[in-house]
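Under full-length UniProt numbering, the first residue of the sequence shown carries the number 1, and numbering increases by one thereafter.
Built from N, CA and C at the ideal position, the CB exists for glycine as well.
This report refers to the structure that appears directly beneath it.
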Amino acid sequence: MHPNVVVPKVRRRSVDKPVDEASKRPSVKSTAHALLDGLKSARTISRAPVESSRTPVLTPSATPQVLARAVGPRELTLEQRPNGKTRISVKYPAIEQLVLSGGGAKGAAYPGAVLALEEGGIMPAIKNIAGSSAGAITAALIASGVSGSQFKDLSNRMDFLDLVRDRVGSPQLQIIRHVYEDTLKETFAKVGRHVPFARNIGSSLALLSNMRTEAPALEKLLKDETRTSVLKHIATHPATTDHHPVIDEIRHKLEAGGDVTFSDLRRLSQCNPAFKNLQCTGTLMESHRPQLMVFSADTTPDLSIARAACISGAFPFVFAQPEETTPFGTTRYQDGGVMLNVPAPEIFEPKSVSQTLPNPNSLVLTFMNVLQESSSPGQGVLGALKDSLVGAPVGARHALQSQLLWKMKEDVVQVPLKNERGDFSGLLSGTLNFDMSLDDKLALQRDLKQAVENHLAARREKQISIELPSTESALLALDDAQFDALRAAHPDLTAASYAFRTEVRNAIDRLSTVLRAQDNVTPDSLAQLVSPLDRLCRRDSVKLDYVARQILDPGQPKALARCVDVLRHARTGSPVLQTLNVLSEQQDVVNAAHNAIRDIVYPARFKLGQSAGNRALLNLVEDRLTSASTRDEYNAALETLARNYKARLSLRSTPLTSATVELAKAYRIPA
C-alpha cells in the first residue's frame with residue numbers, strides 16, 4: 001500500500017472572531033439503535049459563537065498593563081492582566097502559501113489572482129504553491145517564474161480543445177475528426193444565440209469525442225513554457241557565488257532540452273524568489289483503495305513538473321489514466337481533484353503540536369462555497385454511482401474537504417463565477433467550457449482580481465489574539481523573528497527569556513550533533529545527553545514545554561527525531577524527556593485521528609443506505625477522535641465504533657463482516 005504523502009508544514013488557524021467549532025455542528029439523535037450512553041445526542045450545539053463586538057467593562061484594577069505595543073512588522077502587542085495572564089496580539093503574517101483548486105475551464109480566471117498578488121507586492125514572499133487538477137497546471141507555470149502578464153496572455157490565447165485532441169491515426173483521419181469537432185462547436189454556438197443553454201454543448205461533445213486522450217500537446221506546451229521561463233530568469237538574474245554550481249547544472253540540462261523538475265524548483269527558489277516550491281496532487285488508482293499522492297521535491301524530486309501537472313489534471317473519463325513510475329512504484333493515476341481538489345496543507349496534513357501560536361499564512365483560491373459548514377448527511381444513489389464509476393470515494397472526500405475548508409474560511413477567496421457575461425458555475429457552462437470566449441475569460445479574470453484585492457485589503461486589518469497563562473509563556477511562544485523584534489525594542493523585558501532561549505538552542509544543537517554521530521542510543525544514555533536541558537528548565541513546566549516543542553519542531557535536524565524513537569515504550573526520569581513523551585504521544589494521536597476520520601468515519605458515513613443510528617455513532621466517534629490526546633482515548637473511540645456499528649442492509653443487527661469494523665480494529669495504536 002502506498003502511503004499518503006504530505007509535504008508542507010501545517011499551521012494552526014485563528015481568526016478575529018473565535019468560534020467553538022464543535023458548537024457549529026447540527027444535533028443528530030439516534031432513532032434506530034440503543035447505543036452507548038454518549039450516543040443519545042452525538043452532536044449538540046453547546047455554545048453560541050463569541051460576540052467579539054461586545055467590549056467588557058474593565059474596572060481600573062482589571063485594566064491590563066501594556067508591556068509592548070505595535071512592535072515590529074506585525075505590530076506585536078503584549079498586555080498583562082492583574083492575574084498574570086498575558087495576551088499576545090499580532091497582525092496576520094505574510095502570505096507564504098498559495099493554493100489553487102481544481103475547476104476545469106473555470107481556471108481561466110486564475111490570471112486575475114496572479115496579477116492582484118503581483119501588483120499588491122505579495123508574490124515575492126510566497127514560497128510554496130500547491131495545485132490540484134487545473135490548479136496544478138497554473139501552479140506549475142507560476143512556480144517556474146511565469147509572470148502574471150505572461151500567464152494571462154498564454155491563458156487567453158490557449159486553445160485547450162486543440163491541445164487535448166487525440167492525435168492518433170493517419171493525418172487524413174485526424175483532419176476528418178477535427179473538421180467534425182469544429183462543425184459541432186460552430187453549430188451549437190449558433191443555436192446558443194437563441195437557446196443559451198445549448199451554446200456550450202458543442203465544445204463538450206468535441207471534448208468527449210477525444211475521450212481517454214493522453215493530451216501530449218498540452219504536456220509539451222507546459223514543458224516548453226516552464227523551460228523557457230526558467231532559462232530566462234537564469235539569464236537575467238545571475239546567481240550568487242554560492243549557488244553557481246547548482247544553477248549551472250540546471251541551465252545545462254534545460255538548454256539540452258531537459259524538463260524542469262520538482263527538485264530544480266526547490267533549488268532555484270533558494271536563490272531567486274521568482275521561483276516557488278511546488279506541490280501537485282494526484283489520485284493513485286490502487287485496486288479497491290485509491291490513495292492521495294502529493295508530487296513534490298520530497299516525494300518525486302526528479303519528476304517533470306509538466307508531467308505531474310498533466311497527471312493532476314487527468315479529468316475522469318475525459319483523459320486516460322496516465323501511468324508513471326515514482327519512488328513508490330509504477331502505477332496509474334487520475335485527476336488529483338478526485339481525492340483532494342483543494343490542496344491546502346491544513347487539509348491534507350495533521351496539525352503540528354509543536355506550534356503554540358496560529359500562523360495563517362495561506363491564500364486559498366477555490367470554486368466552492370465555504371461560507372456555510374457542511375452538515376455531511378450522507379449521499380444517495382447518484383452519489384454512490386459516481387463513486388463507483390470514478391473508482392474512489394468522491395462524495396466522502398469532498399465532504400471532508402468542505403468541512404476542513406470551512407474552518408479556514410478566513411484564508412479563502414471564492415472565485416466569482418457569475419457576471420454580466422453569464423453563469424460559469426455549472427458543469428457545461430464552467431468546468432467543461434474549454435471553448436470559452438476571450439470576453440468571458442476577461443470578465444472572470446477581472447472579477448477574481450477584484451476579489452483577491454478586497455481579500456488582501458481586509459487581511460491587512462486582521463489580528464491574531466491569544467491569551468497565555470503568563471508573560472514567560474507568552475515570550476516563549478513567539479517565533480524567532482517576533483522575539484528578535486521585541487528584544488530590539490524592549491531589551492529589559494526579554495533579557496531572561498533571551499538568555500534561556502539561547503542556551504536551549506545551543507544545547508539542542510550539541511544534542512543533535514551527538515545523536516548524528518552515535519549509532520546506538522538507549523533511554524539511559526539519552527537521559528544523560530539531555531541533562532543540560534533538564535538543568536536549564538529546573539522542572540519549570542513552561543520551560544519544559546518550550547524545550548520539548550523545539551525538539552519536535554519539523555524544522556529541526558532529523559537526528560532529533562531519534563529522541564522520540566528511543567523513548568517509545570520506555571520509562572525515563574528526565575523531566576525534559578517526560579514532557580517530550582507526552583507531546584510526541586499527542587502528535588501520534590493527532591496523526592492517527594486525522595487518518596481514521598479520513599479513511600473510516602467519512603467513507604462509512606457516505607455508504608449507501610447508512611442508518612440514522614450509525615450516523616449518530618460516527619458523529620460521536622469523530623468528536624472523540626478529534627478531542628483525543630492520548631492513545632487510550634483514541635483507541636477507546638475506535639473500540640466504540642467497532643462494538644456498536646450495525647449492519648446497514650441486513651436483517652442482522654451485527655454485521656457478519658464489515659469493512660468499517662475491520663478498519664476500526666486495524667487503525668488502533670498498539671499499547
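Lys558 is the residue among Lys558, Phe328, Gly84 whose C-alpha sits nearest the C-alpha of Ser512. Here DSSP, grouped into helix, strand and coil, assigns Phe500 to helix.
Non-local beta-carbon contacts of Lys409 in its own chain, meaning distances under 6 Å to residues more than five positions away in sequence, involve Val370 in chain order.
Between Ala477 and Leu486 the beta-carbon gap is near 12 Å, outside 8 Å, which marks them as no contact. Between Ser354 and Leu560, the C-beta gap is not smaller than 8 Å, which leaves the two residues out of contact. Counting along the chain, Val71 sits inside no alpha helix (DSSP H); it lies in the beta strand (DSSP E) bounded by residues 65-71. Proximity of the segment 89-96 to the segment 118-132 meets the contact definition, three or more beta-carbon pairs being nearer than 8 Å. A residue is called buried once 16 or more other Cβ atoms fall within 10 Å of its Cβ, and Ser541, having fewer, is exposed. An exposed status is given to His569, since fewer than 16 other beta-carbon atoms sit within 10 Å of its beta-carbon. Fewer than three beta-carbon pairs drawn from the segment 333-341 and the segment 250-266 are found closer than 8 Å, and the two stretches are therefore not classed as touching. Here Arg516 has Pro557, Ala559 as same chain residues with Cβ atoms under 8 Å from its own Cβ, once five neighbours each way along the sequence are excluded. Each residue's CA atom was taken as its position, placing Glu255 and Ala309 some 22 Å apart. By the neighbour-count criterion, in which a residue is buried when 16 or more other Cβ atoms sit within 10 angstroms of its Cβ, Gly395 is buried. Going by C-alpha positions, Thr77 is about 22 Å away from Lys543. For Ser584, the uninterrupted alpha helix (DSSP H) run begins and ends at 575-596, by DSSP. Rounded to the nearest whole angstrom, the C-alpha separation of Leu231 and Thr326 is 26 Å. Distance check between Ala399 and each of Asp545, Pro273, Ala604, Thr138 places Ala604 closest, using alpha-carbon atoms only. Of the other Cβ atoms in all chains shown, fewer than 16 fall within 10 Å of the Cβ of Pro245; this residue is therefore exposed. With 16 or more other Cβ atoms inside 10 Å of its own Cβ, Val294 counts as buried. Rounded to whole angstroms, the Cβ separation of Ile669 and Arg643 is 17 Å, and the two are not in contact under 8 Å.
Fully contained in the segment 279-310 are the following beta strand (DSSP E) runs of length 3 or more, in chain order: 291-295. Sequence-distant partners of Pro301 (beyond 5 residues in either direction) whose C-beta falls short of 6 Å from its own C-beta, in its chain, are Phe262, Ser263. When Cβ pairs closer than 8 Å are counted between the two stretches, the segment 267-285 is seen to touch the segment 135-144, the count reaching three or more. Two segments are said to touch when three or more pairs of C-beta atoms, one from each, lie closer than 8 Å; by this definition the segment 449-464 does not touch the segment 60-71. Straight across, the Cα-Cα distance linking Gly282 with Gly313 is about 8 Å.
With 16 or more other CB atoms across the displayed protein chains lying within 10 angstroms of its CB, Val318 is buried. The segment 404-422 makes contact with the segment 448-455, as at least three CB pairs between them are under 8 Å.
Scanning its chain for C-beta atoms nearer than 8 Å, with the 5 sequence neighbours on each side dropped, one finds around Ser304 the residues Lys223, Asp259, Val260, Thr261, in chain order.
When the alpha-carbon of Ala474 is set against those of Arg69, Asn83, Arg87, Asn591, the nearest one is in Arg87.
For Pro111, the number of other beta carbons within 10 angstroms of its own is at least 16, and it is reported as buried. Unbroken alpha helix (DSSP H) runs of no fewer than 4 residues, entirely contained in the segment 238-265, are found at 244-255, following chain order.
When beta bridges are read from the DSSP output, Arg538 appears opposite no residue. Boundaries for Thr522: no alpha helix (DSSP H) harbours it, and the DSSP string shows neither H nor E there.
For the options Pro238, Leu577, Pro416, Asp565, the alpha carbon positioned closest to that of Asp545 is the one of Leu577. Contact annotation, Leu417 with Asp423: C-beta distance approximately 7 Å; criterion of less than 8 Å satisfied. For Lys449, the enclosing alpha helix (DSSP H) has its first and last residue at 438-459.
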